[in-house]
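Asks: Residue numbers (this note's numbering), protein chains in the order written: chain F, 1 to 206; chain P, 207 to 300.
C-beta: ideal position from N, C-alpha, C; glycine also.
What follows is a single structure, and I will ask about it in a moment.
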Amino acid sequence: MENKLNEQESLQLITDMINQARNNFRRGAGNGLLFWGYTLAALSILTYVLLVLFNSPLVYSVWALTIPLFFVNYFYSRKRYREALIKSHIDKVIGDVWTSASVSIVLIVFICYSFAYGFKSGIPYRLIVPLIMGAGGTALYITAKLCRFKPYAYGGIVFWLGSIVCVISSIATNRNEIQFIIFALGMIAGYVVPGHIANRKAEEDV
Amino acid sequence: MFKDLDPLLLSQQRLAIMSILISADEADFVFIKEKTGATSGNLSSHIEKLCEAGYLEIDKFIEKKRPRTVLKITPKGIDAFDNYVKALQDYIRK
Numbered sequence: 001m002e003n004k005l006n007e008q009e010s011l012q013l014i015t016d017m018i019n020q021a022r023n024n025f026r027r028g029a030g031n032g033l034l035f036w037g038y039t040l041a042a043l044s045i046l047t048y049v050l051l052v053l054f055n056s057p058l059v060y061s062v063w064a065l066t067i068p069l070f071f072v073n074y075f076y077s078r079k080r081y082r083e084a085l086i087k088s089h090i091d092k093v094i095g096d097v098w099t100s101a102s103v104s105i106v107l108i109v110f111i112c113y114s115f116a117y118g119f120k121s122g123i124p125y126r127l128i129v130p131l132i133m134g135a136g137g138t139a140l141y142i143t144a145k146l147c148r149f150k151p152y153a154y155g156g157i158v159f160w161l162g163s164i165v166c167v168i169s170s171i172a173t174n175r176n177e178i179q180f181i182i183f184a185l186g187m188i189a190g191y192v193v194p195g196h197i198a199n200r201k202a203e204e205d206v
Numbered sequence: 207m208f209k210d211l212d213p214l215l216l217s218q219q220r221l222a223i224m225s226i227l228i229s230a231d232e233a234d235f236v237f238i239k240e241k242t243g244a245t246s247g248n249l250s251s252h253i254e255k256l257c258e259a260g261y262l263e264i265d266k267f268i269e270k271k272r273p274r275t276v277l278k279i280t281p282k283g284i285d286a287f288d289n290y291v292k293a294l295q296d297y298i299r300k
């Protein structure tokens, strides 16, 4: 049976279907944020505890764990994309935004370590966390605008504010370790909470 | 009343399929079935008509031992959809 529509009904159907395709959150949409949110929050707290206990630069080597975890998440995301029931241009752009944010983060770490080593100064290390929070916040905010999902935008703003708080606390206390507590809190508020909200929305959309 | 409109897109189901695919790079048969509320048989026959007109491309393959059907709109389909929307807007303005 073929239902024929009048002009208004046709336009309404077109709008509804386009919205369905655009606003469709897939099951597990927030998994990437949850993975990084929980992992990085845990690593930050571990770094803080180890710094308080041992106060050794060797403590930072725990962050080397992020390298294999990056690849785990990369292959998981690629598999999810391949198996997705709908693929849009926006999905590709969001993937590119996070790839460029990851490259920026690697560059931030490289630049700060190079300056610290080259000038024999510990100060550049203090820039790493605020700059990473700035880059992470930017990626999250752009993602929010692309998929029209406000909790991601709030997450981005939390990260930007966290970045400022890191700088102020570092100057005020002349210590570095408090940044890791701010980073962990930023991860929970900026990644984990929006990640859970996204997953709940995805369950409703299915 | 509808004399300038593409007769192929006058059907509710076919218009719904085209509307989903216009905003996506590609979509799975299962997704379109869920969103349009059509039965598999009904949807298949509409898709066949759109493919015959050159509006859609269909890709059937096996993934993890399960058959998948993925649909994509063609440039001809995009033009047909654009013309249809413009014609609708003209009718509404009149």
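Just checking, does the region 60-72 of chain F make contact with the region 223-237 of chain P on the three C-beta pairs under 8 Å criterion?
Replies: The region 60-72 of chain F is not in contact with the region 223-237 of chain P.
Asks: Quick check on the burial criterion: 16 or more other C-beta atoms within 10 angstroms. Buried or exposed for serine 88 of chain F?
Replies: By the 10 Å Cβ count, serine 88 of chain F comes out buried.
Asks: Suppose you measure from the CA of glutamate 269 of chain P to the CA of alanine 198 of chain F; what does that come to, to the nearest Å?
Replies: Their Cα atoms are separated by approximately 27 Å.
Asks: In its own chain, which residues sit with a C-beta less than 8 Å from the C-beta of isoleucine 188 of chain F, not counting the 5 before and 5 after it?
Replies: Result list for isoleucine 188 of chain F: Gly37, Ala41, in chain order.
Asks: Could you tell me the distance, in whole angstroms, from the CA atom of glutamate 7 of chain F to the CA atom of tyrosine 297 of chain P?
Replies: If you take the alpha carbons of glutamate 7 of chain F and tyrosine 297 of chain P, they lie about 7 Å apart.
Asks: Please check the pair glutamate 263 of chain P and lysine 278 of chain P, which I expect to be a contact at CB under 8 Å, by giving their CB distance rounded to whole angstroms.
Replies: Indeed, because the Cβ distance is near 5 Å, the residues count as touching under 8 Å.
Asks: For serine 10 of chain F, would you say it is in contact with chain P, using Cβ-to-Cβ distances shorter than 9 Å as the test?
Replies: Chain P contact via Cβ: present.
Asks: What in chain P is Cβ-close to arginine 22 of chain F, meaning under 8 Å?
Replies: Those within 8 Å of arginine 22 of chain F in chain P are Ser229.
Asks: If we ignore side chains and look at the alpha-carbon of each, how far apart do leucine 11 of chain F and leucine 294 of chain P end up?
Replies: Whole-angstrom Cα-Cα distance: 8 Å.
Asks: Name, please, each residue of chain F whose Cβ falls closer than 9 Å to the Cβ of tyrosine 261 of chain P.
Replies: Here the premise fails: no neighbours, minimum Cβ distance about 15 Å.
Asks: Taking Cβ positions, are alanine 101 of chain F and aspartate 91 of chain F nearer each other than 9 Å?
Replies: Going by C-beta atoms, alanine 101 of chain F is not nearer than 9 Å to aspartate 91 of chain F.
Asks: Please report the residue range of the beta strand (DSSP E) in which isoleucine 178 of chain F lies.
Replies: Note, isoleucine 178 of chain F: premise wrong, no beta strand (DSSP E); alpha helix (DSSP H) at 178-187.
Asks: Residues in the same chain with beta-carbon distance under 7 Å from lysine 241 of chain P, minus the five sequence neighbours each way, listed in chain order, please.
Replies: If we look at lysine 241 of chain P and ignore the five residues flanking it on each side, its Cβ neighbours are Ile226.
Asks: Does serine 77 of chain F come within less than 9 Å of chain P when only Cβ atoms are used?
Replies: For serine 77 of chain F, the answer is no, since every Cβ of chain P falls outside 9 Å of its Cβ.
Asks: Leaving out five residues before and five after methionine 1 of chain F in sequence, what residues of the same chain have Cβ atoms less than 7 Å from its Cβ?
Replies: In this prediction, methionine 1 of chain F scores a pLDDT of 47, lower than 50, which makes its location untrustworthy; the coordinate-derived value is nonetheless stated afterwards. Counting only Cβ-Cβ distances below 7 Å, and skipping sequence neighbours, we find nothing.
Asks: Between which residues of its own chain and leucine 13 of chain F is the CB-CB distance below 6 Å, once the five residues before and five after are set aside?
Replies: Nothing meets the Cβ criterion.
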